[in-house]
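Down below is the structure, laid out as structure tokens.
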Amino acid sequence: MQQPFRCLRCGAPLMAGQPFCANCGLPVQRSCPRCRAFLSPQATFCTNCGLALVPGAPPPGRQQAKPKSTVSIIGDILFGLGIACAIFVPIWTIVRQPDAENSMSVMIGAFAIGGVMAVIGLIMMRKR
Numbered sequence: 006m007q008q009p010f011r012c013l014r015c016g017a018p019l020m021a022g023q024p025f026c027a028n029c030g031l032p033v034q035r036s037c038p039r040c041r042a043f044l045s046p047q048a049t050f051c052t053n054c055g056l057a058l059v060p061g062a063p064p065p066g067r068q069q070a071k072p073k074s075t076v077s078i079i080g081d082i083l084f085g086l087g088i089a090c091a092i093f094v095p096i097w098t099i100v101r102q103p104d105a106e107n108s109m110s111v112m113i114g115a116f117a118i119g120g121v122m123a124v125i126g127l128i129m130m131r132k133r
């Protein structure tokens with residue numbers, strides 16, 4: 006729904022399509038050619054109906070997202086694998102070998118390797 010506008014000079018209410026203020030005579034700057042809503046002088050889109058006021062401008066809020074780079078995708082995968090390694094390998098080690106002498110070193114190694122993979126993955130994810 007269109008917001009009511011007021012005259013910039015005297016504050017009187019302005020009707021849609023009104024060319025000037027009926028109270029003080031100040032010309033109304035612009036209105037949308039489609040819906041006749043009042044627009045700010047720097048508007049590139051109508052805030053009421055979304056009409057592009059600049060030729061060739063994309064619709065508001067519809068900017069195309071950049072595709073992810075290969076490095077960023079590899080970073081996503083590496084981060085996920087690192088977190089999975091740091092969480093699930095120690096759990097698997099405890100379940101499969103609860104009394105093994107080397108289970109603690111396997112868990113610490115898996116946690117360290119998973120942490121390093123996750124950090125490298127985070128760094129790679131930020132590369133666009």
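Going by the numbering used here, the first residue of the sequence shown is number 6, and it counts up by one from there. Even for Gly, the Cβ is constructed at its ideal location relative to N, Cα and C.
Sort the options by Cα distance to residue i and report the nearest one.
| i | options | result |
| --- | --- | --- |
| MET130 | THR52, GLY30, LEU58, ILE79 | ILE79 |
| ARG39 | CYS26, CYS54, PHE116, THR49 | CYS54 |
| VAL124 | MET112, TRP97, ALA91 | ALA91 |
| LEU44 | PRO95, CYS12, ILE96 | CYS12 |
| ALA117 | ALA57, SER77, PRO95, ARG41 | PRO95 |
For residue i, I'd like the list of residues in its chain whose CB is within less than 6 Å of its CB, leaving aside the five on either flank, ordered along the chain.
| i | result |
| --- | --- |
| ASN28 | CYS15, ALA17 |
Count the other C-beta atoms from every protein chain shown that fall within 10 angstroms of the C-beta of residue i, then say buried if there are 16 or more, exposed otherwise.
| i | result |
| --- | --- |
| THR75 | exposed |
| PHE25 | exposed |
| MET6 | Confidence is the limiting factor: at MET6 the pLDDT is only 47, short of 50, which leaves the residue's position unreliable, though a coordinate-based value still follows. When all chains shown are included, MET6 counts as exposed. |
Report, in whole angstroms, the separation of the C-beta atoms of residue i and residue j, which I expect to be a contact under 8 Å.
| i | j | result |
| --- | --- | --- |
| LEU127 | PHE84 | 6 Å |
| THR49 | VAL59 | 5 Å |
Enumerate in chain order the residues of its own chain whose CB-to-CB distance from residue i is below 7 Å, with the five nearest sequence positions on each side excluded.
| i | result |
| --- | --- |
| LEU86 | MET122 |
| GLY114 | none |
| PRO72 | none |
Can you list, in chain order, the residues of its chain whose CB lies under 8 Å from that of residue i, leaving out five sequence neighbours each side?
| i | result |
| --- | --- |
| LEU173 | Residue 173 lies beyond the residue range present for the chain, which begins at 6 and ends at 133; the question has no answer from this structure. |
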